[in-house]
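Chains as they are written, first to last, in full-length UniProt numbering: chain A, 1 to 361; chain B, 1 to 393.
For each residue, glycine too, the CB sits at the ideal point set by N, CA and C.
To keep things clear, I will list the structure first and then write my remarks on it.
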């Protein structure tokens, strides 16, 4: 095939050039905003108020939804002021439930959590990704389980407990739930009901801000652990909550099988770095040179200067922002490692500039 | 260089630049949902016109629906190239974080490869606007448009070559792209990629486009295929003529100036703004006309703010015009007919040697008088007589 060498050699590329998926998505989307052949979109069919600052969104996904395992999280994309923004939320429902649900607590200064709580109503469409995460039960269930939850960290644990219920678990489970006040308890009625129906579950609420009679108060300490978890030594532990609590838990429970999930707000995973001067970043595709300080992630520093590369989760999970670094060195913020000088693919949301860079952007 | 603008001193230029900068900041702060909705509406229009257009061409049995279909397909291609493609590839909608409107992933319905276009247009043309020998868009390396370009007998043919270019504009744009990239690659680095490599990208895009318009879609029409081929050819031709007309009005009108490489050495941002202003020219019209030109009717605004969502140029234009008037700078605008006629006057004039060309183009007023005295504080300018009376009493 000398006449059409490219089509002959790369027929797939020709097909994708015709945009069959884009056409399908466009017309399906015109029929129903939930329909798509590439994106998992879900319709909000109910919004439940859990506490004054937490809401549960019940979602009906389209046919692309592949299901999940209790304890996993899912990327949720919403459009705020014309801009698509992605954050991860744990699924708080059970995989066997008819509909999915995510439970979102408003974070101070949190763009998406506040938007969801304020603006999302019944009938709206959210875009989801694929569920993922290792914060799940093992194949062989341990005899004794300890769950440490802090604030909105309860959401994946709620799903896991429901899962244990359907598996007819017959071991022993203790849930220590650290929460600001009685009014801030998420899923209170669900836990009450569960405790009534199963014999293996004990739930203890600990209030960190407003004490209440008959309940413990304070933060996670050795004393509280010893008081509520008599068989600590033989437990498998699941921790989900804010980062100080996790650090504390990891040091208190050293030597035990422990699984933890830490959700960081974008930008929180950045260890504070102060730098003198700037480094040059040359964007090879747009032929722009910009100066960045190298104090925060490249993505944030680029956006600050009005350059918006594609991005997603902003915590190094989704790989939407991957781009080729041609020269220069970066520090990977997720593990603190400094890279080589040569060519490699980097995730700009978790990379900080160390030297002058050349990026294929 | 001839100019019909007031010659500004250094401070005045910097002050001008500052006002333009603050205008940009103010408008960019407003960019949001409205702009996202606009580009989605454009996207929708492009999809529907293409489906309807192709549908009508395929299933027509009399000339009326064939003509309607061909026109719709032309409109679709124009929207795809201008308001959607051109603006998206400038990165105007990158902030939306939507792959459909992202300059990294977008590819358009034209034989020019988007990636190559971004190099020679976004980078070379927009950085070195109207700088001879650096801006390859200036005359596209074959049209002589100023005395600074040496006359050769071959230029006598440029009215005809330009007519030919107008009809095949997408081929011109595409073929121009890979050469510029090769020419601008430093000689040392040329070993990495030969001209053939750059050409391959262009040829690939040609192949994709030809197969789509002249083999795939005609084949789908069965025995009706000659009609589909004709429809696609006409649609491409109409799109070519339209884009040629709009784009040539952008920089080659009578009063649009050109520059030399010496003039831009050590240029500041403010001086760059000024050069964009002097080298570009606008077209007056209504909103539909603006959209169909991809807002290149606002070439001046586009050149000052290439990454601003294009619809915003409508609100920027009157204010920029005010700033220009204040600094005595000529703001080149006019009706489509007037501007396009002046482009052709220039093309024809400079096809002849200088002594004829200058006679045709005429001598121009050297400087304009500024309408507002510069040293006056700006608030006095905006006060109306009534307001003045109030503040005085």
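Checklist entry - Rounded to the nearest angstrom, how far is the Cβ of residue 328(A) from that of residue 301(A), given a contact under 8 Å? => result Going by Cβ atoms, the distance from residue 328(A) to residue 301(A) rounds to 14 Å, so no, they are not a contact pair.
Checklist entry - When burial is assigned at 16 or more other CB atoms within 10 Å of the CB, is residue 355(A) buried or exposed? => result With fewer than 16 Cβ atoms within 10 Å of its Cβ, residue 355(A) is classed as exposed.
Next on the checklist: Measuring CB atoms only, is the segment 265-274 of chain B touching the segment 314-322 of chain B, in the sense that at least three cross pairs come out at less than 8 Å?
Outcome noted: The answer is no - the segment 314-322 of chain B does not touch the segment 265-274 of chain B, with fewer than three Cβ pairs under 8 Å.
Checklist entry - By how many angstroms is the C-alpha of residue 232(B) removed from the C-alpha of residue 212(B)? => result Per the coordinates, the alpha-carbon of residue 212(B) lies some 10 Å from the alpha-carbon of residue 232(B).
Checklist entry - Touching or not, the segment 164-183 of chain A and the segment 219-230 of chain A, by the rule of three or more beta carbon pairs under 8 Å? => result Touching, yes.
Checklist entry - Should residue 251(B) go down as buried or exposed, given a rule of 16 or more other Cβ atoms within 10 Å for buried? => result Under this definition residue 251(B) is a buried residue.
Checklist entry - Is residue 153(A) buried or exposed, if buried means 16 or more other CB atoms sit within 10 Å of its CB? => result It counts as buried.
Checklist entry - Applying a beta-carbon distance threshold of less than 8 Å, which residues of chain A neighbour residue 204(B)? => result Below the 8 Å Cβ cutoff, chain A contributes 6 as neighbours of residue 204(B), in chain order.
Next on the checklist: Less than 6 Å between C-beta atoms, sequence neighbours within five positions excluded: which residues of the same chain meet that for residue 76(B)?
Outcome noted: 46, 49, 50 and 53.
Next on the checklist: Counting only Cβ-Cβ distances shorter than 9 Å, please list the residues of the segment 277-291 of chain A near chain B, keeping chain order.
Outcome noted: Taken in chain order, the members of the segment 277-291 of chain A whose beta-carbon sits within less than 9 Å of a beta-carbon on chain B are 285, 286, 287 and 288.
Checklist entry - Does DSSP put residue 229(B) in a helix, a strand or coil? => result Helix, per DSSP.
Item to check | Residue nearest to residue 47(A) in terms of C-alpha spacing, selected from 122(A), 64(A), 40(A) and 95(A) | outcome: Comparing Cα-Cα distances from residue 47(A) to each of 122(A), 64(A), 40(A) and 95(A), the minimum goes to 122(A).
Item to check | Within chain A, partners of residue 319(B) - CB distance below 9 Å | outcome: Within chain A, no residue comes near residue 319(B); the closest Cβ sits about 20 Å away, beyond 9 Å.
Checklist entry - Going along the segment 88-107 of chain B in order, which residues come within less than 8 Å of chain A, judged by CB to CB distance? => result Answer set for the segment 88-107 of chain B: 91, 94, 95, 96, 97, 98, 99, 100, 102, 103, 104, 105 and 107.
Next on the checklist: Out of 82(B), 207(B), 166(B) and 189(B), which one is the CA nearest neighbour of residue 363(A)?
Outcome noted: Outside the modelled stretch of chain A, which goes from 1 to 361, sits residue 363(A), for which no answer is possible.
Next on the checklist: Cβ closer than 8 Å: which chain B residues qualify as neighbours of residue 24(A)?
Outcome noted: Under a criterion of Cβ atoms nearer than 8 Å, no residue of chain B is adjacent to residue 24(A); the nearest Cβ is some 11 Å distant.
Item to check | Nearest neighbour of residue 89(A), chosen from 120(A), 95(A), 82(A) and 132(A) [CA to CA] | outcome: Looking only at 120(A), 95(A), 82(A) and 132(A), the smallest Cα-Cα distance to residue 89(A) is reached by 132(A).
Checklist entry - What's the gap between the Cα of residue 395(B) and the Cα of residue 344(B)? => result Outside the shown range of chain B, which is 1 to 393, sits residue 395(B), and nothing can be said about it.
Item to check | Residue nearest to residue 155(A) in terms of C-alpha spacing, selected from 91(A), 79(A), 196(A) and 130(A) | outcome: Comparing Cα-Cα distances from residue 155(A) to each of 91(A), 79(A), 196(A) and 130(A), the minimum goes to 91(A).
Checklist entry - In or out: residue 351(A) buried (at least 16 other Cβ within 10 Å) or exposed? => result A residue is called buried when at least 16 other Cβ atoms come within 10 angstroms of its Cβ; residue 351(A) meets this threshold and is buried.
Checklist entry - Helix, strand or coil: which one does DSSP assign to residue 406(B)? => result Because chain B in this structure spans residues 1 to 393, residue 406(B) falls outside the shown range and cannot be described.
Checklist entry - If you measure from the beta carbon of residue 77(B) to each beta carbon in chain A, is any gap under 7 Å? => result Closer than 7 Å: no.
Checklist entry - Within 7 Å (strictly less), CB to CB, does residue 82(A) reach chain B? => result At least one beta carbon of chain B lies nearer than 7 Å to the beta carbon of residue 82(A).
Checklist entry - Residues in its own chain within less than 6 Å of residue 7(A) by CB, not counting five upstream and five downstream? => result Correct list, in chain order: 14.
Item to check | residue 379(A) versus residue 87(A) - alpha carbon distance | outcome: A question about residue 379(A) goes unanswered here, because the residues of chain A that appear run from 1 up to 361.
Checklist entry - According to the neighbour-count rule (16 or more other Cβ atoms, all chains shown, within 10 Å of its Cβ), is residue 356(B) buried or exposed? => result Using a 10 angstroms sphere on the CB of residue 356(B), the tally of other CB atoms stays under 16, which defines it as exposed.
Checklist entry - Measuring CA to CA, which of 16(B), 101(B) and 246(B) is closest to residue 309(B)? => result For the set 16(B), 101(B) and 246(B), the Cα lying nearest the Cα of residue 309(B) is the one of 101(B).
Next on the checklist: Quick check for students: name the residue ranges of the alpha helix (DSSP H) that lie wholly in the segment 182-255 of chain A, counting only runs of 4 or more.
Outcome noted: Runs of the alpha helix (DSSP H) lying entirely within the segment 182-255 of chain A, each at least 4 residues long, are 188-197, 222-228 and 243-252 in chain order.
Item to check | Per-residue contacts from residue 308(A) into chain B (C-beta, under 7 Å) | outcome: In chain order: 94, 95 and 97.
Checklist entry - List, in order along the chain, the chain C residues whose C-beta lies closer than 7 Å to that of residue 32(B)? => result Any reference to chain C falls outside this structure, whose protein chains are A and B.
Checklist entry - Would DSSP call residue 287(A) helix, strand or coil? => result Three-state DSSP puts residue 287(A) in coil, outside helix and strand.
Checklist entry - In three-state terms, what does DSSP make of residue 282(B)? => result In this structure, residue 282(B) counts as strand in the three-state DSSP scheme.
Item to check | For residue 158(A), three-class secondary structure by DSSP | outcome: In the three-state DSSP reduction, residue 158(A) falls in the helix class (H, G or I).
Item to check | Contact with chain A by residue 47(B), beta-carbon distance below 7 Å | outcome: Taking a beta-carbon distance threshold of 7 Å, residue 47(B) counts as an interface residue toward chain A.
Item to check | Range covered by the beta strand (DSSP E) that runs through residue 345(A) | outcome: Unbroken beta strand (DSSP E) run through residue 345(A): 344-347.
Checklist entry - Given 8 Å as the limit, is there contact between the segment 106-116 of chain A and the segment 138-145 of chain A, that is, 3 or more CB pairs closer than that? => result No, the segment 106-116 of chain A does not touch the segment 138-145 of chain A.
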